[in-house]
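According to my numbering, the sequence shown is numbered sequentially starting from 107.
The C-beta atom is built at its ideal place from N, Cα and C for all residues, glycine as well.
What follows is a single structure, written as structure tokens, with notes after it.
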Amino acid sequence: MIERVWGNAILRGTGLAALTAAVLAGCGGDLVPRGRVERPAKPVRTARPAAPPPMELRQCMAKLTSQSVLFTPLPDQNFGGGCSATGSVKLIDIGVPATNLGAMTCGLAANFAAWARYGVQPAARLILGAEVERIETFGTYNCRPIAGSGKLSEHAHSNAVDVSAFVLSDGRRISIQNDWNGDRRVRQFLEIIHASACKRFRTVLSPDYNAAHHDHFHFDMGGRGGFCR
Ligand SMILES: [Zn+2]
Numbered sequence: 107m108i109e110r111v112w113g114n115a116i117l118r119g120t121g122l123a124a125l126t127a128a129v130l131a132g133c134g135g136d137l138v139p140r141g142r143v144e145r146p147a148k149p150v151r152t153a154r155p156a157a158p159p160p161m162e163l164r165q166c167m168a169k170l171t172s173q174s175v176l177f178t179p180l181p182d183q184n185f186g187g188g189c190s191a192t193g194s195v196k197l198i199d200i201g202v203p204a205t206n207l208g209a210m211t212c213g214l215a216a217n218f219a220a221w222a223r224y225g226v227q228p229a230a231r232l233i234l235g236a237e238v239e240r241i242e243t244f245g246t247y248n249c250r251p252i253a254g255s256g257k258l259s260e261h262a263h264s265n266a267v268d269v270s271a272f273v274l275s276d277g278r279r280i281s282i283q284n285d286w287n288g289d290r291r292v293r294q295f296l297e298i299i300h301a302s303a304c305k306r307f308r309t310v311l312s313p314d315y316n317a318a319h320h321d322h323f324h325f326d327m328g329g330r331g332g333f334c335r
């Protein structure tokens, strides 16, 4: 309900769009419990913080702008089956090119942009002696359950991103799949940017977590935070 009110507030003034969003929000709903983390072994809390109020969203967008991040605010959308993208943006330019970025909640987008610029890029320069020219991702929004679970993934709420590889200015391509257990320097680079991610995102999953993450880092802003594997 909070999200619906929020959606209306964001879209107020756009008339038909606001009305349409409200109607659409009414038929999808959060019928499927929202999962916290991709952690099949133990039951986890499904509580999810309420959607941020308009003020928080405005502050988040102001923060992106102040960091010279180029983005487009997206209208709230409900896709049915519990899947939605609310309070989301599309990142256009964060200083480091990144592929496959679709709808991301503003908080996820802000942390991703900061991670790319202040975590990944300096680590690459320092440890690998090269610039990161491209961060490759498997995407953001995806209406699907957590692998091996009936619960919806944070991807189903545009609240997660999967990072798969880094292309460097010297031509090297470092992928999670091939290099997580690679040579010492590359491993050090991946460990440092993983640790940097753990300071920024609520949930961070790597190949160390389970086989489903053998080829990417999963970052999301769901749950209570502090889950770093
Ligand atoms: Zn993921």
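Asked	Found
What residues sit near ligand 1, counting only those whose C-beta is closer than 5 angstroms to one of its heavy atoms, in chain order?	Ala266, Asp268, His324
Inspect the beta-carbon positions of glutamate 237 and proline 203 and report whether they are closer than 8 angstroms.	no
Am I right that glycine 187 and glutamate 260 are in contact with their C-beta atoms under 8 angstroms? What's the rounded C-beta distance?	Not confirmed; about 15 angstroms, so no contact.
Should the segment 281-291 be regarded as contacting the segment 211-222, the criterion being three or more beta carbon pairs within less than 8 angstroms?	no
Distance check for alanine 229 and arginine 290, CA to CA, integer angstroms please.	14 angstroms
Check each candidate in Gln183, Gly193, Ala318, Thr178 and name the one with the smallest Cα separation from methionine 340.	The shown model of the chain, from 107 to 335, leaves out residue 340, and the question about it has no answer.
Using the DSSP secondary-structure output, state which residues sit across from isoleucine 280 in a beta bridge.	Phe272
Whole angstroms is fine: what's the gap from cysteine 212's alpha carbon to histidine 320's?	27 angstroms
Which whole runs of the beta strand (DSSP E) in the segment 170-199 are 3 residues long or more, in chain order?	176-179, 183-186, 189-191, 194-199
Could you work out which residue in Ala318, Pro313, Phe307, Asn287 is closest to phenylalanine 333 when comparing CA atoms only?	Phe307
Which residue from Val273, Ala317, Glu297 puts its Cα closest to that of glycine 254?	Ala317
Could you pull out every residue in the same chain whose Cβ sits closer than 7 angstroms to the Cβ of serine 264, ignoring the five residues on either side in sequence?	Ala191, Ser194, Ala209, Met210, Thr211, Thr246, Tyr247
Grab me the residues of phenylalanine 295's own chain with a C-beta within less than 6 angstroms of its C-beta, minus the 5 sequence neighbours each way, in chain order.	Ala229, Ile233, Leu234
Beta carbon of phenylalanine 272, beta carbon of valine 226: below 8 angstroms?	yes
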